[in-house]
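> Numbering (our numbering), first residue to last: 620 to 774.
Glycine is no exception: its CB is placed at the ideal position from the N, C-alpha and C atoms.
Here's a structure for you.
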Ligand code: ATP
């Protein structure tokens, strides 16, 4: 068996909805897995650039950087490569700027806007649920202040 390391980056793409927020999640493995959009950081690319690119490619939608959300780590085994990978994934909070989930990547089964609270219970991986909790803390903490993360002005 071989050993390898991978670094990816992804995003929590959000927009205001029904007095709260909704976030874009992707469906994988025939819909059994619900996850955040992400992908490998290319050579010469910053994790922020990767997060914006992967969100654009996987969801069909454009985001703009609001804040870093930290990273998650896990190990997985690839049978095809007979390799055990250590993986680190950086996540960023991204404000929705435009585009449609109908233009999502054919490699993902689907893209869905989901209320933040529902996504906190639906994401398949614990690490991604913790990232989403951080996003919620930032979004809710900023409520009522100027320069809100959703870009709306007060009053
Ligand atoms: P990327 O989206 O970064 O290009 P990938 O699609 O090639 O990566 P992963 O999403 O890392 O690969 O999935 C590889 C394996 O790791 C799969 O078995 C998947 O179920 C598992 N996995 C994916 N995300 C997590 C996570 N957050 N925690 C634990 N295991 C995960």
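Can you have a look at residue 675 and say buried or exposed, based on whether 16 or more other CB atoms are within 10 angstroms of its CB?
Residue 675 is buried by the Cβ-count criterion.
> In or out: residue 663 buried (at least 16 other Cβ within 10 Å) or exposed?
Residue 663 should be labelled exposed.
> Among 732, 631, 755 and 648, which one has its Cα closest to the Cα of residue 667?
For residue 667, the nearest C-alpha among the options comes from 631.
> Run the CB neighbour count on residue 700, radius 10 Å, all protein chains shown included, and call it buried at 16 or more, exposed below.
Residue 700 is exposed by the Cβ-count criterion.
> Apart from the five residues just before and just after residue 625, which ones in its own chain have a Cβ nearer than 8 Å to its Cβ?
Taken in chain order, the residues that qualify are 659, 704, 705, 706 and 707.
> Helix, strand or coil: how does DSSP classify residue 666 here?
Helix.
> So, helix, strand or coil for residue 651, using DSSP?
It is coil, neither helix nor strand.
> Residue 620: buried (16+ other C-beta within 10 angstroms of its C-beta) or exposed?
With fewer than 16 other Cβ atoms within 10 Å, it is exposed.
> Less than 6 Å between the CB of residue 736 and some heavy atom of the ligand ATP, yes or no?
Every heavy atom of the ligand ATP is 6 Å or more from the Cβ of residue 736, so no.
> Decide yes or no for the touch test of the region 686-699 against the region 720-729: beta carbon pairs closer than 8 Å, at least 3 of them.
They do not touch, by the three-pair rule.
> Using the C-alpha atoms, what's the distance from residue 671 back to residue 732?
Rounded to whole angstroms, residue 732 to residue 671 spans 17 Å at the Cα level.
> Looking at the secondary structure, which residues open and close the beta strand (DSSP E) in which residue 681 lies?
From DSSP, the beta strand (DSSP E) with residue 681 extends over 680-697.
> Using DSSP with H/G/I as helix, E/B as strand and the rest coil, what is residue 765?
Since pLDDT at residue 765 reaches only 49, below the 50 mark, its modelled position is unreliable, and the value read off the structure follows with that caveat. Note: residue 765 maps to coil in three-state DSSP.
> Measuring only the C-alpha atoms, how far is residue 651 from residue 743?
Each residue's Cα considered, the two are about 9 Å apart.
> Going by the beta-carbon positions, is the gap between residue 644 and residue 633 smaller than 7 Å?
In this structure, residue 633 does not lie closer than 7 Å to residue 644 by Cβ.
> Taking Cβ to Cβ, would you say residue 682 is nearer than 7 Å to residue 647?
Taking 7 Å as the Cβ cut-off, residue 682 and residue 647 do not qualify as a contacting pair.
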